[in-house]
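Peer 1: Provided herewith is a single structure, encoded as structure tokens, for subsequent inquiry.
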Amino acid sequence: VYRGSVKDFQGFDANQDAEALYNAMKGFGSDKEAILDLIISRSNKQRVEICQAYKSLYGKDLIADLKYELTGKFERLIVSLMRPPAYGDAKEIKDAISGVGTDEKCLIEILASRTNQEIHDLVAAYKDAYGRDLEADIVGDTSGHFKKMLVVLLQGAREEDDVVSEDLVEQDAKDLLEAGELKWGTDEAQFIFILGRRSRQHLRLVFDEYLKIAGKPIERSIRGELSGDFEKLMLAVVKCIRSKAEYFAERLYKAMKGLGTRDNTLIRIMVSRSEIDMLDIREVFRTKYEKSLYNMIKEDTSGEYKKALLKLCGGDDDAAGEFFPEAAQVAYRMWELSAVKVELRGTVQPAGDFNDDGDAQVLRKAMKGLGTDEGAIIEVVTKRSNAQRQQILKAYKAHYGRDLMADLKSELSGSLAKLILGLMLTPAQYDAKQLRKAVEGAGTDESVLIEIMATRNNQEIRAINEAYQEAYHKSLEDDLSSDTSGHFKRILVSLALGNRDEGPEDLTQAHEDAKKLADVSSNDSSDSLETRFLSILCTRSYPHLRRVFQEFIKMTNHDVEHAIKKRMSGDVRDAFVAIVRSVKNKPAFFADKLYKSMKGAGTDERTLTRIMISRSEIDLFNIRGEFIDLFDKSLHHMIEKDTSGDYRKALLALCGGED
Numbered sequence: 021v022y023r024g025s026v027k028d029f030q031g032f033d034a035n036q037d038a039e040a041l042y043n044a045m046k047g048f049g050s051d052k053e054a055i056l057d058l059i060i061s062r063s064n065k066q067r068v069e070i071c072q073a074y075k076s077l078y079g080k081d082l083i084a085d086l087k088y089e090l091t092g093k094f095e096r097l098i099v100s101l102m103r104p105p106a107y108g109d110a111k112e113i114k115d116a117i118s119g120v121g122t123d124e125k126c127l128i129e130i131l132a133s134r135t136n137q138e139i140h141d142l143v144a145a146y147k148d149a150y151g152r153d154l155e156a157d158i159v160g161d162t163s164g165h166f167k168k169m170l171v172v173l174l175q176g177a178r179e180e181d182d183v184v185s186e187d188l189v190e191q192d193a194k195d196l197l198e199a200g201e202l203k204w205g206t207d208e209a210q211f212i213f214i215l216g217r218r219s220r221q222h223l224r225l226v227f228d229e230y231l232k233i234a235g236k237p238i239e240r241s242i243r244g245e246l247s248g249d250f251e252k253l254m255l256a257v258v259k260c261i262r263s264k265a266e267y268f269a270e271r272l273y274k275a276m277k278g279l280g281t282r283d284n285t286l287i288r289i290m291v292s293r294s295e296i297d298m299l300d301i302r303e304v305f306r307t308k309y310e311k312s313l314y315n316m317i318k319e320d321t322s323g324e325y326k327k328a329l330l331k332l333c334g335g336d337d338d339a340a341g342e343f344f345p346e347a348a349q350v351a352y353r354m355w356e357l358s359a360v361k362v363e364l365r366g367t368v369q370p371a372g373d374f375n376d377d378g379d380a381q382v383l384r385k386a387m388k389g390l391g392t393d394e395g396a397i398i399e400v401v402t403k404r405s406n407a408q409r410q411q412i413l414k415a416y417k418a419h420y421g422r423d424l425m426a427d428l429k430s431e432l433s434g435s436l437a438k439l440i441l442g443l444m445l446t447p448a449q450y451d452a453k454q455l456r457k458a459v460e461g462a463g464t465d466e467s468v469l470i471e472i473m474a475t476r477n478n479q480e481i482r483a484i485n486e487a488y489q490e491a492y493h494k495s496l497e498d499d500l501s502s503d504t505s506g507h508f509k510r511i512l513v514s515l516a517l518g519n520r521d522e523g524p525e526d527l528t529q530a531h532e533d534a535k536k537l538a539d540v541s542s543n544d545s546s547d548s549l550e551t552r553f554l555s556i557l558c559t560r561s562y563p564h565l566r567r568v569f570q571e572f573i574k575m576t577n578h579d580v581e582h583a584i585k586k587r588m589s590g591d592v593r594d595a596f597v598a599i600v601r602s603v604k605n606k607p608a609f610f611a612d613k614l615y616k617s618m619k620g621a622g623t624d625e626r627t628l629t630r631i632m633i634s635r636s637e638i639d640l641f642n643i644r645g646e647f648i649d650l651f652d653k654s655l656h657h658m659i660e661k662d663t664s665g666d667y668r669k670a671l672l673a674l675c676g677g678e679d
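The opening residue of the sequence shown carries number 21 in the working numbering; numbering runs sequentially from there.
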């Protein structure tokens, strides 16, 4: 099935189009609207024919005339569309290695994503256009393992056999593990050989096998073992093996997000993918970034340049509200990855040679007399496990007859006080306190209720119920019931029971559950859509729900999260989405919340503090890994940049390291 956004124009006449373009550029000024309408509605093959017809009719070079008549980004886009794909790639690479410095990102994008045939065509086009050998030019402009991998890719010799040997899959996964994670140093040659030569189908299975034996995705190992441009190139190869559409969607998003636009990247991808997989890229973009590529281009560009890009894009998926096979495949792969058991690790471990009385004395000394030694308090509190902190509380009382919590409260202030005092509570007491704050007073903080209730396991929920009753002399269920309403209340009350099934998946039941979730035709008010989702999402075990979500994708070509967003709204939608994301990948759910708490102007310190405290002994190490995978920056770096003073020092201690 053709997945480009630009197709052959029906009733095409090269001479007629050449004449129309000549007239659009004749006289004073040029009719840019006519130029973009005509050129973008023709396929590349038809544009090449127009160039030939233009020369025959007027004895002039069409590309030269377009360059003369047009300016800026619009000119670059239109001229790029006129070149055959191989010559377009050749021009991009020539520009990337000419002059001072090298545009490594351009080299990586093109050479990591092209097929064998596209590479062969590129090499020939480069020779034809510039009279030079592409490999020699790249070797002269790059170095080290980066150069070696580029040369391997330039051979266009990736295996193309769809028949896969299970034994070789297992061996390659093992060889990659031994070349990196299990080796002192890294055997880069092994990475180059396997990732540069094996077929796409084979490598997808190798990546799955690697996840099983290493307990982490291959991308995370590459980040840990390789560095610089070589690391970026290998990550791009892995992403393109998994899904080229997802790779290009991410490149487009990064080209437009934040201040300024990387127009060269935007033009290159929109032109090069317009007749290959632009529809797939659009679908993945909409699923991954929750907005359409069309709308992001519309917000980020202007003038004829914007009009031309939007025509190349070919449609607005926000308006269509559709979800397509490529996006479904990406979602399905994410569910499969989430089903692989990965060891959860906190960043705070019990201190060796722990002495509760000694720590109590250090804390008393830090708070006695004029001033407070915040550094000493941070050093003790953040480097002890919660169980050890509870022992310190008792030792402090026994030694000094004083309440350590009260002393800390009087000596510390602001964000640091909230962080340190939160760490001194047990996890259940801390969650109970956060829930109480969310429901007391005017208004309700639904986001806190959702975050805690949707992510805690049965044992944690039961402990929270006990702590809540003890601290506030009323049940959590009663407070949730009196402060919320409708389906949202029913979801929270169901979760507050701490009665989720803990068994393995049941494939037959999972198929039935998926069918229930997919059924939009039911008119029975007692079996509303929300009721059906509640009865499954709030009660089934995590392994079972993962299977339900996979069955749902197979059945509908929709991701369940997309279906929830399309069919529900408000707090009910947010609660169900949080449950789905928690089931899929809890560390990724918290990584996303941490990122949102710090991005943009200002910092949501309540969310930042709450997550850093509550996950520090459970899965903060995993959250760090997901954070850098999702946002290409470390949690440590973002905390360092976004916070200050002793609060920052304490958060970085909890974070446990720079990735």
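Each residue gets a CB set at the ideal place from its N, CA and C atoms; glycine is no exception.
1. Run the CB neighbour count on Ala34, radius 10 Å, all protein chains shown included, and call it buried at 16 or more, exposed below.
2. Note down, in chain order, each residue of its chain lying with its Cβ closer than 6 Å to the Cβ of Met316, except the 5 sequence neighbours on either side.
3. Classify Tyr667 as helix, strand or coil using the three-state DSSP reduction.
4. Distance check for Ala538 and Ile633, CA to CA, integer angstroms please.
5. Answer yes if the region 143-156 comes into contact with the region 177-193, meaning at least three C-beta pairs across the two stretches below 8 Å, and no otherwise.
6. Which residue wins for smallest C-alpha separation from Met473, given the options Leu496, Leu628, Gly461, Gln489?
7. Is there a C-beta anywhere in chain C that falls below 8 Å from the one on Arg635?
8. For Leu313 and Arg302, which I take to be in contact (beta-carbon distance under 8 Å), what is that distance rounded to the nearest angstrom?
9. Applying the criterion that 16 or more other CB atoms from any shown protein chain within 10 Å of the CB defines a buried residue, is Gly676 buried or exposed?
10. Looking only at its chain, what residues have a beta carbon closer than 8 Å to the beta carbon of Val592, apart from the 5 residues adjacent to it on each side?
11. Entirely within the region 630-662 and at least 4 residues each: give me those alpha helix (DSSP H) ranges in chain order.
12. I'd like the ranges of any alpha helix (DSSP H) spanning at least 4 consecutive residues and lying wholly in the region 233-271.
13. Expressed to the nearest angstrom, what Euclidean distance is found between the alpha-carbon atoms of Ile638 and Val21?
14. By DSSP, does Lys168 sit in helix, in strand, or in coil?
15. Going by C-alpha distance, which of Phe641, Thr663, Arg587 is nearest Lys619?
16. I'd like the span of the alpha helix (DSSP H) that includes Asn485, first residue to last.
17. Apply the 10 Å Cβ neighbour rule to Ser263 and answer buried if 16 or more other Cβ atoms are within range, or exposed otherwise.
18. Roughly how many whole angstroms lie between the Cα atoms of Lys75 and Asp81?
19. Smallest Cα separation from Lys318: which of Arg67, Glu295, Thr281, Val291?
20. Taking the straight line between their C-alpha atoms, what separation do you get for Arg240 and Gly164?
21. What is the DSSP secondary structure of Glu363, counted as helix, strand or coil?
22. With DSSP as the reference, label Cys333 as helix, strand or coil.
23. With H, G and I counted as helix, E and B as strand and the rest as coil, what does DSSP make of Ala177?
24. Measuring CB to CB, does Ile398 end up less than 8 Å from Leu383?
25. What does the Cβ neighbour count give for Gln570, buried or exposed, with the cut at 16 atoms within 10 Å?
26. Secondary structure at Ile80, three-state DSSP: helix, strand or coil?
27. Can you tell which of Gln410, Phe213, Asp427 has the C-alpha that lies nearest to the C-alpha of Gly389?
28. Measuring only the C-alpha atoms, how far is Thr464 from Gly590?
29. Assuming Phe610 is part of the alpha helix (DSSP H), what are its boundary residues?
30. Would you mind working out which of Ile470, Lys457, Gln408 sits nearest Met444, comparing C-alpha positions?
31. Considering only C-alpha positions, which residue in the set Asp297, Gly391, Ala598 is nearest to Val26?
32. Classify Phe227 as helix, strand or coil using the three-state DSSP reduction.
33. With 16 other CB atoms within 10 Å as the buried threshold, where does Arg476 fall?
34. Is the distance from the Cβ of Leu170 to the Cβ of Leu127 below 8 Å?
35. Hey, how far is the Cα of Asp649 from the Cα of Pro237?
36. So, using beta-carbon positions, are Ala40 and Leu56 closer together than 8 Å?
Peer 2: If we stick to the structure as given:
1. Its Cβ being crowded by 16 or more others within 10 Å, Ala34 is buried.
2. Short of 6 Å from the beta carbon of Met316, and not among the five residues preceding or following it, lie these beta carbons of its own chain, in chain order: Met276.
3. In this structure, Tyr667 counts as helix in the three-state DSSP scheme.
4. Here the alpha carbons of Ala538 and Ile633 stand approximately 38 Å from one another.
5. Output reads no: the region 143-156 does not touch the region 177-193.
6. Selected option, being the one with the closest Cα: Leu496.
7. This model lacks chain C altogether; it includes just one protein chain.
8. Confirmed, about 5 Å.
9. When all chains shown are included, Gly676 counts as buried.
10. Only Gly506, His507, Phe508, Ile511, Glu550 meet the Cβ criterion.
11. When DSSP assignments are scanned along the region 630-662, the uninterrupted stretches of alpha helix (DSSP H) that are 4 or more residues long and fall wholly within it turn out to be 640-651, 655-662.
12. Entirely contained in the region 233-271, the alpha helix (DSSP H) runs reaching 4 residues are, in chain order, 238-245, 248-262.
13. Looking at the two C-alpha atoms, the distance is approximately 46 Å.
14. In the structure shown, the three-state DSSP call for Lys168 is helix.
15. Checking every option, the nearest Cα to that of Lys619 belongs to Thr663.
16. Its alpha helix (DSSP H) spans residues 478-492.
17. Under this definition Ser263 is a buried residue.
18. Approximately 6 Å, taken between the alpha carbons.
19. Distances from the CA of Lys318 to each of Arg67, Glu295, Thr281, Val291 were compared; the closest alpha carbon is that of Thr281.
20. Answer to the nearest angstrom: the Cα atoms are 22 Å apart.
21. Glu363: coil per DSSP, three-state reduction.
22. Judged by DSSP in its simplified three-state form, Cys333 adopts helix.
23. Ala177 carries a coil assignment under DSSP once its states are collapsed to helix, strand and coil.
24. Between Ile398 and Leu383, the C-beta gap is not smaller than 8 Å, which leaves the two residues out of contact.
25. Burial of Gln570 is indicated by the presence of at least 16 other C-beta atoms within 10 angstroms of its C-beta.
26. Contrary to the premise, residue 80 reads as Lys rather than Ile in this sequence. Lys80: coil per DSSP, three-state reduction.
27. Proximity to Gly389 across Gln410, Phe213, Asp427 peaks at Asp427, based on C-alpha coordinates.
28. A direct Cα-to-Cα measurement between Thr464 and Gly590 gives close to 14 Å.
29. It spans 590-618 - the alpha helix (DSSP H) in which Phe610 sits, taken as one unbroken run.
30. The shortest C-alpha separation from Met444 is found at Gln408.
31. Val26 has its Cα closest to that of Asp297, out of Asp297, Gly391, Ala598.
32. Under the three-state reduction of DSSP output, Phe227 falls in the helix class.
33. By the 10 Å Cβ count, Arg476 comes out buried.
34. In this structure, Leu170 sits near Leu127, with a CB-CB distance shorter than 8 Å.
35. Straight through space, the alpha carbons of Pro237 and Asp649 are spaced by roughly 10 Å.
36. In terms of Cβ geometry, Ala40 and Leu56 do not form a close pair [threshold 8 Å].
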